[in-house]
Amino acid sequence: MLNWSAKRPVIAAVAAILALSACGSGDDSGATGKKDSDGVITVKLGVVGPKTGPASLYYKYMDQNFETFSDDFEEKYKVRFEIIGEDDQASPEETARAVSRLINEEAVHAILGPPLSGNALQVADVIQKSQIPWLLAGPNADEAINYDIQPNWAFQTNFTNQQIMEILGTRLFADNNKVGIVYSADGFGQSNLDHLKSWAKENGKKLTAEESLQPGSSDANAIIKRFKSAGVDSVFMGITQGADTATVTRAIEQAGYEPKTIMTTGTILTNYKTIAEPSQWENIQIVDPRNFLEGGDKEILDAVQEATGEAPAIPTNNISTYAMLDIYAQAVAEVGDANDREAVRKAMEDIETVHIGSLTIEKPFTTTDHKLYDDDPANWLTYGFDEKFNLKLLGTAEECLEKGC
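According to mature numbering (1 follows the signal peptide of the UniProt record, and there is no 0), the stretch in the sequence shown is residues -24 to -1, 1 to 381, in order.
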């Protein structure tokens, strides 16, 4: 049973401070990766992400999780995390520098992040060659894990772009709809485009329009005008940040454009609501394998809210980060020594049960599949939004494909 109390012992405060301040290596902190006299294993965990800059929410959700749950894994598995935080400023070059420092100077036992797909792709080869457990709780890019490398050191607890396209493709192209995609001009957006085009080709379909949007753009009117002129009646927004999604939906409203279907991803939950109007989100839907409204997934989000006094920064990633830490902590506990990286990696691969609050997922991984979720539409949910931007469940993805939502 997890302790959902907002009142945490001293270790919680220490972990949060370290995460925020990016303290040094902590060589005298006891983070040896081995059991201490009380049987607790302290792991030195490198955390990479944009603490500063416009994408800072992608680091904040990790901080929230450590502040909220730092004692849970010690209680459950006798594994404690010492956080060595690195600010990559959402820059691929800074990500490469941060990862190099964590591996070569800090000698961390595992790396969590970076949360942005483009940055993860930048360091994928380096981390794999370093043979260190790589905890991918944020990125969606399938390419982040190259399964030609065996044994493989990366594990994903977020859904991948290929998985979501298997769910969205049928929905977007239903009733012979003409489909257009607007995507971020970054790794996440490009991966969304590539996988949607691949799904379309495999299923005898073709995109009517594809448009890229530079992060931070304030105007998408030309894009929407071209969609409207091309007769696009089904729109997919593969956009990294909610603020950029708001730019697109504002342009849709201003153009009086009314496509039959507007789908996007859970990234809309980041910073969209504060700069958009209810009329701009009333017809938008998302699909996700997590249940944000009840059960274990919701328990994680509620616990973050209670402990931090803030809404989860990126709900999808708050959940996937908890799942990843549960997997890694279990593996370390089973092996008994975080320094034995190969044994820890194998224990992660052989994990029996992932715990996300009261939700359990059984045996998610194989040697050639390090993804937590699958692409069965019966296991995905479709959500819309009410006038206050609260999620409302419309049905499973399978039900919405069959009956409409």
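We put the CB at the ideal spot given by N, CA and C, even for glycine. As the structure is a computational prediction, the values presented were derived from the model and not from experiment.
- Take the alpha-carbon of residue 118 and the one of residue 136: they are about 6 Å apart.
- For residue 199, the uninterrupted alpha helix (DSSP H) run begins and ends at 197 to 206, by DSSP.
- Residue environment for residue 294: buried (at least 16 other C-beta atoms within 10 angstroms of its C-beta).
- Counting other Cβ atoms within 10 Å of its Cβ, residue 210 reaches 16 or more and is therefore classed as buried.
- Between the C-alpha atoms of residue 267 and residue 361 there is a straight-line separation of about 14 Å.
- Per DSSP, reduced to three states, the secondary structure at residue 56 is strand.
- A distance of 8 Å or more separates the beta carbons of residue 71 and residue 279.
- Separation of residue 224 and residue 364 (C-alpha to C-alpha, rounded to the nearest whole angstrom) is 19 Å.
- The C-beta separation of residue 229 from residue 194 comes to about 15 Å, leaving the pair out of contact by the 8 Å criterion.
- Counting C-beta atoms within 10 angstroms of its own C-beta, residue 262 has 16 or more neighbours from the protein chains shown and is therefore classed as buried.
- The alpha-carbon of residue 127 is positioned some 29 Å away from that of residue 169.
- In this structure, the CA atom of residue 115 is about 13 Å from the CA atom of residue 38.
- Inter-segment contact for the region 9 to 29 and the region 88 to 96 is present: three or more beta-carbon pairs are separated by less than 8 Å.
- The C-beta of residue 123 has fewer than 16 other C-beta atoms within 10 Å across all chains shown, which makes the residue exposed.
- When only Cα atoms are considered, residue 134 and residue 96 end up about 13 Å apart.
- Of the candidates 272, 287, 237, 287 places its Cα closest to the Cα of residue 249.
- Residue 113 is positioned such that its CB atom lies closer than 8 Å to that of residue 297.
- Sequence-distant partners of residue 149 (beyond 5 residues in either direction) whose C-beta falls short of 8 Å from its own C-beta, in its chain, are 155, 176, 179, 181, 210.
- Put simply, of 226, 218, 183 the residue whose alpha carbon is nearest the alpha carbon of residue 198 is 226.
- By the Cβ rule, the region 305 to 320 does not count as touching the region 334 to 350, because fewer than three pairs are nearer than 8 Å.
- One thing to note: residue 215 has its Cβ within 8 Å of the Cβ of residue 160.
- Within the region 286 to 341, the beta strand (DSSP E) runs of at least 3 residues that lie entirely inside it are, in chain order, 329 to 332, 335 to 338.
- Around the C-beta of residue 22, 16 or more other C-beta atoms lie within 10 Å, and the residue is accordingly described as buried.
- Counting along the chain, residue 21 sits inside the beta strand (DSSP E) bounded by residues 17 to 25.
- Between residue 289 and residue 132, the gap from beta carbon to beta carbon reaches 8 Å or more.
- Residue environment: residue 107 is assigned as exposed (fewer than 16 neighbouring CB atoms within 10 Å of its CB, all protein chains considered).
- Residue 192 is positioned such that its CB atom lies closer than 8 Å to that of residue 30.
- Looking at the backbone, the Cα of residue 375 and that of residue 351 are separated by about 14 Å.
- Short of 6 Å from the beta carbon of residue 142, and not among the five residues preceding or following it, lie these beta carbons of its own chain, in chain order: 351.
- Across the structure, residue 162 and residue 217 are spaced so that their CA atoms are roughly 11 Å apart.
- Of the candidates 302, 339, 189, 189 places its Cα closest to the Cα of residue 221.
- Under the three-state reduction of DSSP, residue 268 is assigned to coil, being neither helix nor strand.
- Under the criterion of beta carbons closer than 8 Å, residue 327 and residue 307 qualify as touching, at roughly 7 Å.
- In the structure shown, the three-state DSSP call for residue 6 is coil.
- The beta carbons of residue 58 and residue 20 sit closer together than 8 Å.
- Here DSSP, grouped into helix, strand and coil, assigns residue 186 to strand.
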